[in-house]
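The structure appears right after this line, and notes come after that.
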Amino acid sequence: MTVIRTESLTKMFGDLCAVDSLDLSIGKEIFGLLGPNGSGKTTTVLMLTTLLGQTTGTASICGHDTRLAPEKVRDCISYVPQDMAVDTNLTGRENMLVFARLYGIPDPKDKVDELLGVMELSDRADDQVKTYSGGMRRRLELAEALVHEPEVIFLDEPTIGLDVAARRSIWSHIRTMTKKGMTIFMTTHYMDEADQYCNRVGIISHGKIAAMGTPKELKSRLMKDVITVTVDGVYAPVNLEGTAFVGQADGCISFTAENGREALPQLADALKQAGNTVKAMSLREPSLDDVFLQSVGKQDEPQGFEEWKFRMMLHGRH
Amino acid sequence: MKGVTTYMYRDFIRWIRYRVGVISSLVLPAAWLLFVGLALPVTFTGNYLDFITPGILVMTILTAGISSGSLLMFDKILGFLNKFLAMPVPREDILVSKILFISLRGLIQATIIIILAVLIGATLMTPVQYGLVYVILFLFGVFISAFSTTVALYLDDHDSFAAFTAMMTMPLFFTSSALMPYSAMPGWLAAIARVNPLSFAIDAIRDVGAGSIPAVPILLLLVFTAVVVVLAGYAFRKVTV
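Protein sequence lines correspond, in order, to chains A and B. Read in order, the letters of the first sequence correspond to residues 65 to 382 in the numbering used here. Read in order, the letters of the second sequence correspond to residues 379 to 619 in the numbering used here.
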């Protein structure tokens with residue numbers, strides 16, 4: 065069953081094409097949209113949550129068109145932006161009650177008690193949120209998002225800025241939600257999390273889907289092993305049979321190989337012959353990071369980034 | 379309606395928990411009344427307090443109304459607005475709740491000023507007169523807060539909104555009939571003051587104080603306010619981020 069469907073969904077900002085003919089078909093699953101900054105992730109989420117109109121194409125949630133029936137779409141979704149928008153001088157319970165009343169829940173108090181319990185916040189429910197940790201605030205937001213039992217939840221970077229334990233707890237809650245039949249559409253930067261928890265991921269680059277599938281499929285599309293090499297100075301390209309160049313990031317060059325153990329010494333020789341000074345080499349299994357690197361390529365900063373502003377900001381910190 | 383009351387509940391709790399905000403919003407108008415009303419050496423009228431109180435009342439409502447946009451701006455910057463806009467609650471409920479919360483809070487401030495003014499020597503009016511003053515202040519509050527909330531909806535950041543606020547408040551106040559009668563103003567100022575919406579509300583309140591019922595200004599204020607609220611409501615319904 066398709067819960068989220070888009071057909072040639074496109075969003076232009078002037079001449080800039082933020083989202084380019086996106087076709088998605090998402091069922092009851094955890095779907096992760098991955099991509100570098102400025103690749104169109106947030107724009108996609110904003111269009112799917114009826115906050116932004118598309119330039120062309122269509123999108124529908126639970127069979128309702130986001131443009132023709134936005135109220136119906138809003139009825140069956142929840143949206144948790146990455147800002148952590150909780151009222152800090154209200155208590156957890158008061159924050160929840162606001163949402164329960166806005167959604168017109170018949171017994172708001174009971175529902176709030178229940179969800180505070182589910183999110184393990186019951187014992188702190190009557191403390192002001194400013195005393196909560198980041199993980200607790202996120203759980204409170206998830207509890208708010210669950211108050212009207214939506215069919216789809218949109219999470220924008222749900223674990224950003226949280227420590228390892230808090231992330232794990234957020235993920236276990238997200239998994240529980242999908243067991244109850246909810247669809248989770250999330251964006252993230254954390255490849256390891258997407259690898260571990262998403263049923264399917266889509267990698268978006270310059271507004272287009274560059275790769276889509278289960279993390280396992282995507283990884284198996286790369287060859288068996290990954291060899292990463294650190295060289296001194298500029299990398300001089302080599303071409304060795306049985307290996308393939310994946311990409312270069314942070315001075316690390318990645319190759320894939322059919323048989324890593326055999327390819328490693330050969331690759332070392334080939335690199336030396338090509339004039340590289342090899343500092344380190346390592347062999348590992350492919351991760352979603354490698355898939356991402358291969359799909360997205362060398363990353364440029366998005367067009368909106370103004371370097372002088374960034375420098376001014378750095379200077380201001382001294 | 380549920381949406382309106384819930385959003386108001388949220389803003390109200392946030393306001394009363396923020397003690398500095400409560401104190402400042404209650405003390406500031408009083409301070410204005412005391413300093414301006416008692417300190418200025420004035421010759422053009424017998425009881426300057428009776429003259430200045432309508433001006434201070436309307437200015438207080440103006441400042442309150444402008445802060446309605448500020449509330450919305452913070453909701454927007456902090457990510458609340460996106461959450462609210464993605465909910466099935468009618469979007470114009472956000473606008474109506476801000477208008478009502480801010481206008482009612484403005485009327486509380488107005489009450490403090492009225493009581494204080496009487497205590498320090500302003501003429502006591504009849505209940506009907508006070509009722510009319512509240513009607514005028516409420517309509518003016520709705521007018522200003524609907525306008526400022528809609529401006530905040532379209533501006534990108536708080537700095538722009540602060541600039542808008544500064545541009546609005548002080549010039550509007552000093553070019554209105556708040557501080558002196560038209561007869562005491564230089565000609566160019568009087569010309570500006572007569573078309574200033576602030577003067578409109580202030581003059582109406584002075585008419586009430588003088589014993590007449592300013593039916594035409596109240597009706598006009600009602601019409602203007604209704605137009606602004608309808609336009610603002612439409613803007614909220616259609617807004618995208």
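Virtual Cβ for every residue (Gly too), placed ideally from N, Cα, C.
- Using a Cβ-Cβ cut-off of 8 Å, state whether ARG138 of chain A counts as contacting chain B. Yes, because at least one Cβ of chain B sits closer than 8 Å to the Cβ of ARG138 of chain A.
- Message: To the nearest angstrom, how far is the alpha carbon of VAL67 of chain A from that of ILE125 of chain A?
- Response: Distance between the alpha carbons of VAL67 of chain A and ILE125 of chain A: 6 Å.
- Query: Any idea what DSSP makes of VAL608 of chain B, helix, strand or coil?
  - Reply: Residue state, collapsed to three classes: helix.
- Task: Give, in chain order, every residue of the segment 430-460 of chain B whose Cβ lies closer than 7 Å to some Cβ of chain A.
- Result: Cβ contacts with chain A: LEU456, GLY457, PHE458, ASN460.
- Mind checking if LEU531 of chain B is an interface residue toward chain A, Cβ cutoff 8 Å exclusive? Residue contact with chain A for LEU531 of chain B: absent (no Cβ-Cβ distance below 8 Å to any residue of chain A).
- Message: For a contact defined as C-beta to C-beta under 8 Å, what are the partners of TYR143 of chain A on chain E?
- Response: Of the protein chains in this structure, namely A and B, none is chain E.
- The beta strand (DSSP E) with ARG348 of chain A in it runs from where to where? Here the beta strand (DSSP E) through ARG348 of chain A covers 341-348.
- Message: Measuring CB atoms only, is the segment 523-540 of chain B touching the segment 599-619 of chain B, in the sense that at least three cross pairs come out at less than 8 Å?
- Response: With the rule of 3 Cβ pairs closer than 8 Å, the segment 523-540 of chain B counts as touching the segment 599-619 of chain B.
- Contained alpha helix (DSSP H) runs [length at least 4] in the segment 264-338 of chain A, N- to C-terminal order: Taking 4 residues as the shortest admissible run, the segment 264-338 of chain A contains the following complete alpha helix (DSSP H) segments, listed from N- to C-terminal end: 279-285, 324-337.
- Item | Length of the line joining the Cα atoms of ARG131 of chain A and GLY447 of chain B | Taking the straight line joining both Cα atoms gives about 28 Å.
- Query: Taking the C-alpha atoms as reference points, what is the distance between LEU600 of chain B and GLY587 of chain B?
  - Reply: Going from the Cα of LEU600 of chain B to the Cα of GLY587 of chain B covers about 20 Å.
- For LEU576 of chain B, which of B:LEU533, B:VAL605, B:ILE514 has the nearest alpha-carbon? Among B:LEU533, B:VAL605, B:ILE514, the Cα nearest to that of LEU576 of chain B belongs to B:ILE514.
- Quick one: Cα of GLN367 of chain A to Cα of GLY102 of chain A, how far? In this prediction, GLN367 of chain A has a pLDDT of 47, which is less than 50 and means its spatial position is unreliable; what the coordinates show is noted afterwards. Rounded to the nearest angstrom, the two C-alpha atoms are 8 Å apart.
- Item | Candidates A:ARG202, A:PRO172, A:SER142, of which the one nearest THR113 of chain A by Cα | Taking only the C-alpha atoms, the option nearest THR113 of chain A is A:SER142.
- Please report the Cβ distance between THR249 of chain A and VAL144 of chain A, rounded to the nearest whole angstrom; I am assuming they are in contact, meaning their Cβ atoms lie under 8 Å. Per the sequence shown, residue 249 of chain A should be read as Phe rather than Thr. In this structure PHE249 of chain A is not in contact with VAL144 of chain A, their Cβ atoms being roughly 11 Å apart against a cut-off of 8 Å.
- Item | Those residues which DSSP pairs with GLY96 of chain A across a bridge | DSSP output for GLY96 of chain A lists A:MET250, A:VAL265 as bridge partner(s).
- Message: I need the DSSP call for GLN40 of chain A, collapsed to helix, strand or coil.
- Response: Since the first residue shown for chain A is 65 and the last is 382, residue 40 of chain A is missing from the structure and cannot be characterised.
- Message: Can you list, in chain order, the residues of its chain with a C-beta nearer than 7 Å to that of PHE369 of chain A? Leave out the 5 residues immediately preceding and following it.
- Response: Confidence at PHE369 of chain A is low in this model, with a pLDDT of 48, below 50, so the placement of that residue should be treated as unreliable; the coordinate-derived value is given next. Around PHE369 of chain A: no qualifying Cβ.
- Message: Buried or exposed, going by whether 16 or more other CB atoms sit within 10 Å of the CB of ASP220 of chain A?
- Response: By the C-beta density criterion, ASP220 of chain A is buried, having at least 16 other C-beta atoms within 10 angstroms.
- Determine whether the Cβ of ARG131 of chain A lies closer than 8 Å to any Cβ atom of chain B. Contact of ARG131 of chain A with chain B is not assigned, every C-beta pair being separated by 8 Å or more.
- For PHE218 of chain A, the residue or residues it bridges with in DSSP: In DSSP, PHE218 of chain A forms a bridge with A:TYR143, A:PHE249.
- Contact the segment 346-359 of chain A vs the segment 257-271 of chain A: 3+ CB pairs below 8 Å: Contact between the segment 346-359 of chain A and the segment 257-271 of chain A is present, because at least three Cβ pairs lie under 8 Å.
- Okay, do the segment 425-434 of chain B and the segment 86-104 of chain A touch, 3+ Cβ pairs below 8 Å being the bar? Contact between the segment 425-434 of chain B and the segment 86-104 of chain A is absent, because fewer than three Cβ pairs lie under 8 Å.
- To the nearest angstrom, report how far apart LEU80 of chain A and GLU93 of chain A are at their CA atoms. Near 31 Å, if we compare the C-alpha coordinates of GLU93 of chain A and LEU80 of chain A.
- Does any C-beta atom of chain B lie closer than 8 Å to the C-beta of GLU135 of chain A? True, the Cβ-Cβ gap to chain B drops below 8 Å.
- Count the other C-beta atoms from every protein chain shown that fall within 10 angstroms of the C-beta of PRO170 of chain A, then say buried if there are 16 or more, exposed otherwise. Around the beta carbon of PRO170 of chain A, fewer than 16 other beta carbons lie within 10 angstroms, which makes this residue exposed.
- May I ask you to list, following chain order, the residues of the segment 156-180 of chain A that have a beta carbon less than 8 Å from some beta carbon of chain B? Answer in chain order: GLU158, VAL162, ARG165, LEU166, TYR167, GLY168.
- Message: 8 Å is my cut-off, CB to CB: does ASP190 of chain A come that close to chain B?
- Response: No, its Cβ sits nowhere closer than 8 Å to a Cβ of chain B.
- Query: Are any of the Cβ atoms in chain B nearer than 8 Å to that of LEU80 of chain A?
  - Reply: So, not an interface residue.
- Would you decide whether PHE163 of chain A is buried or exposed? Buried here means 16 or more other CB atoms lie within 10 Å of its CB. It is buried - the Cβ of PHE163 of chain A has at least 16 other Cβ atoms within 10 Å.
- Query: Which word fits SER445 of chain B, buried or exposed, when buried means at least 16 other C-beta atoms lie within 10 angstroms of its C-beta?
  - Reply: Buried is the call here.
- Taking Cβ positions only, does ALA327 of chain A come closer than 8 Å to chain B? False, the Cβ-Cβ gap to chain B never drops below 8 Å.
- Leaving out five residues on either side along the sequence, give the residues of the same chain with a beta carbon under 7 Å from the beta carbon of VAL520 of chain B. Only ILE477, SER481, THR603, VAL607 meet the Cβ criterion.
- Message: Give me, in chain order, the residues of the same chain whose beta-carbon lies closer than 7 Å to that of GLY245 of chain A; leave out the 5 immediate sequence neighbours on both sides.
- Response: Cβ neighbours of GLY245 of chain A beyond the five flanking positions: LYS92.
- Sheet register partners of ARG138 of chain A (DSSP bridge): ARG138 of chain A is not bridged to any residue.
- Item | Amino acids of chain A, ordered along the chain, whose beta-carbon sits closer than 8 Å to that of GLY381 of chain B | In chain order: LEU166.
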